[in-house]
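Peer 1: Following this note's numbering, the numbering of the sequence shown begins with 1 at its first residue and continues without gaps.
Backbone N, C-alpha and C define an ideal beta-carbon position, used for all residues, glycine too.
All values derive from a computational prediction rather than experimental measurement.
Below is one structure. I have some questions about it.
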Amino acid sequence: MSNEVPVQTFVKAEQILPEAYLTQLSRNGRNLYATIWNRLKNTTRRTLWQYDEDIAHRSKFRLEQLVSAQRELVIAGLVHLVPGAIQTQYELINLEAEETQ
Numbered sequence: 001m002s003n004e005v006p007v008q009t010f011v012k013a014e015q016i017l018p019e020a021y022l023t024q025l026s027r028n029g030r031n032l033y034a035t036i037w038n039r040l041k042n043t044t045r046r047t048l049w050q051y052d053e054d055i056a057h058r059s060k061f062r063l064e065q066l067v068s069a070q071r072e073l074v075i076a077g078l079v080h081l082v083p084g085a086i087q088t089q090y091e092l093i094n095l096e097a098e099e100t101q
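This is how it looks when you write it as structure tokens:
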């Protein structure tokens with residue numbers, strides 16, 4: 001029996017999103033999407049409630065830049081948001097379903 005801890009890898013937006021989306025998003029938008037995707041990738045949940053300060057920190061930008069990054073993801077059709085006072089609910093939109101419409 002091994003005591004090794006599995007390596008946790010952070011998948012970047014460039015590895016997840018098609019090129020068309022990458023050209024629409026700023027660095028902050030790409031980082032925010034990757035952070036949400038990575039938080040949900042190993043769960044069966046479709047939504048994520050996250051403190052705004054925490055997700056900005058995890059996405060490697062200032063809290064003041066969060067709203068513009070969120071706006072980019074909504075305009076690009078990548079997430080649904082339910083804003084709260086200090087938390088936001090994120091739901092990733094299935095890209096395969098969007099491409100077939």
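Using the DSSP secondary-structure output, state which residues sit across from Thr88 in a beta bridge.
Peer 2: Within the sequence shown, numbered from 1, the residue matching residue 88 stands at position 88. Note: Thr88 is bridge-paired with Gln50, Pro83 in the DSSP secondary-structure output.
Peer 1: Comparing alpha-carbon positions, which option in Leu81, Thr9, Leu17, Ile75 lies nearest Arg46?
Peer 2: Locating residue 46 in the sequence shown gives position 46, counting from the first residue. Closest by alpha carbon: Leu81.
Peer 1: Measuring alpha carbon to alpha carbon, tell me which of Asp52, Leu63, Ala85, Ala34 ends up nearest Leu78.
Peer 2: The residue labelled residue 78 in the question sits at position 78 within the sequence shown. It is Ala34 whose Cα lies nearest to the Cα of Leu78.
Peer 1: Please go through the same chain and pick out, in chain order, the residues whose beta-carbon is closer than 7 Å to the beta-carbon of Glu53, but skip the five residues on each side of it.
Peer 2: Within the sequence shown, residue 53 is the residue found at index 53, counting from 1. Once the five neighbours on either side are set aside, the close Cβ partners of Glu53 are Leu63.
Peer 1: When DSSP labels each residue in this structure, what does Leu73 get in the three-state scheme?
Peer 2: For the purposes of this step, residue 73 is taken as the residue at position 73 of the sequence shown. DSSP places Leu73 in the helix class (H, G or I) of the three-state scheme.
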